[in-house]
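Residue numbers (my numbering): 23 to 327. Beta carbons are placed, not taken as given, at the ideal position from N, Cα and C, and that holds for glycine.
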Amino acid sequence: MKKIILRESQLNHLINKIILNEQEITPFYNGSGNYWATFSGLDDEGRKQEVLKIQNYVNSLKEKTINYFLNFYSNPNTVSKFKNKNNVEALKSFIKTIKVKLNNSPQNNPQPNAQGYVNSKDPSTLYLNLYTFWTGKISITMSEVMDHEIGHSISGYFKTLGETSTQSSQGYYKPEDEKDNYIASNEETYTRIQRLRSILGLKGNEDGVTIMNNIYSQFKNGMFKIPNYSFGKTQDNRYMVFKRISQEKGMLTDLWHVFSPMTYNNNRMDDIAALFAKYSQVKNNMVYLDLNFIGRMNQATKAIQ
Numbered sequence: 023m024k025k026i027i028l029r030e031s032q033l034n035h036l037i038n039k040i041i042l043n044e045q046e047i048t049p050f051y052n053g054s055g056n057y058w059a060t061f062s063g064l065d066d067e068g069r070k071q072e073v074l075k076i077q078n079y080v081n082s083l084k085e086k087t088i089n090y091f092l093n094f095y096s097n098p099n100t101v102s103k104f105k106n107k108n109n110v111e112a113l114k115s116f117i118k119t120i121k122v123k124l125n126n127s128p129q130n131n132p133q134p135n136a137q138g139y140v141n142s143k144d145p146s147t148l149y150l151n152l153y154t155f156w157t158g159k160i161s162i163t164m165s166e167v168m169d170h171e172i173g174h175s176i177s178g179y180f181k182t183l184g185e186t187s188t189q190s191s192q193g194y195y196k197p198e199d200e201k202d203n204y205i206a207s208n209e210e211t212y213t214r215i216q217r218l219r220s221i222l223g224l225k226g227n228e229d230g231v232t233i234m235n236n237i238y239s240q241f242k243n244g245m246f247k248i249p250n251y252s253f254g255k256t257q258d259n260r261y262m263v264f265k266r267i268s269q270e271k272g273m274l275t276d277l278w279h280v281f282s283p284m285t286y287n288n289n290r291m292d293d294i295a296a297l298f299a300k301y302s303q304v305k306n307n308m309v310y311l312d313l314n315f316i317g318r319m320n321q322a323t324k325a326i327q
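What follows is the structure, given as structure tokens:
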């Protein structure tokens, strides 16, 4: 048998290719191929059974996320951040009413290319575009989309209560184009902070140094990965440092490209990538992620543990 020897760069490329093609695995989808091609070949009874499995799966994700937020809003440290303490119970009651509607087709769909969205006029309802999941292409998991969109539902309801979900903030660079605006959005920042807490088990009173130590250790043990990027940190534990790439568009979009291939536990982390991009800067041809900034946002954002 011929022995095949891979150089380190070739091995890293192969590993990264496997990681970036990681697919969501569900009770009805094994993570490969286009699930909907198989679905369309079933008879009526078979489709009915599959639809039931999908509904049960979606409901289980919704309940998990709702319970996560209800636990947050049951903590005294959370309550202390509300202007009106009565709003806490009102918000918890609202969270229990959140419902999910499934779109099977892009036809007559206000956001056909999104995986999920919330109508600002009705924050209690979030929509999932089923046809964008389990296609065999790289995509965000439904669990991440559910967490993100329920975060938007809650943020929308905050406005009706006269409460703010987080403080307004700008990173190091002003938006220059539409993608930059998305990265810089304060509303999106709220949901991204929530995702970071959920993934890393962060508490709302933890500062930048604590978050730095958590994230840095996760990079060292391989849970966080950015293909082909080396990383380090500054001595004051304020910044993680990554090598620079060439600028293509607006600075924020450029920084997003640094973090967008990032995975956590082999799953894509688009929310976290955008959060890191917002609070990074470029110095001496290196990217500096400011964890002190993220720590301050963590402490200012409601729904803390």
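With distances taken Cα to Cα, identify the nearest neighbour of Q71 among L311, K159, P49.
-> P49
Whole-angstrom distance between N306 and E171, CA atom to CA atom = 37 Å
Going straight from the alpha carbon of E44 to that of I221, what length do you get?
-> Note that E44 has pLDDT 44, beneath the 50 cutoff, so the model's placement of it is unreliable and the number below is only indicative. The alpha-carbon atoms of E44 and I221 are separated by roughly 18 Å.
Three-state secondary structure (DSSP) at F281?
-> Residue state, collapsed to three classes: helix.
Pull up the distance between the alpha-carbon of Y194 and that of M234, whole angstroms please.
-> 18 Å
Quick one: residues in its chain with C-beta nearer than 8 Å to the C-beta of W278, no 5 flanking neighbours on either side, listed in chain order?
-> K201, I205, A295, A296, A299
Pull up the distance between the alpha-carbon of G254 and that of G223, whole angstroms please.
-> 22 Å
With burial defined as no fewer than 16 other Cβ atoms inside 10 Å of the residue's Cβ, what is the status of I76: buried or exposed?
-> Counting Cβ neighbours within 10 Å, I76 comes out buried, since at least 16 surround it.
Starting from the Cα of L274, find the closest Cα among K84, K196, Y149, I215 and give me that residue.
-> K196
Span separating the alpha-carbon of D199 from that of D276 = A direct Cα-Cα distance of roughly 11 Å separates D199 from D276.
If you run the structure through DSSP and keep just helix, strand and coil, what is N78?
-> DSSP places N78 in the helix class (H, G or I) of the three-state scheme.
Whole-angstrom distance between V80 and R69, CA atom to CA atom = 16 Å
Could you tell me whether the stretch 208 to 218 touches the stretch 163 to 183, where touching means 3 or more Cβ pairs closer than 8 Å?
-> yes
Could you give the residue range of the alpha helix (DSSP H) that holds Y238?
-> 230 to 242
Can you give, in chain order, each stretch of the beta strand (DSSP E) that sits fully within the stretch 106 to 136 and has at least 3 residues?
-> You should have 121 to 125.
Roughly how many angstroms separate the alpha carbons of L311 and S282, rounded to a whole number?
-> 14 Å
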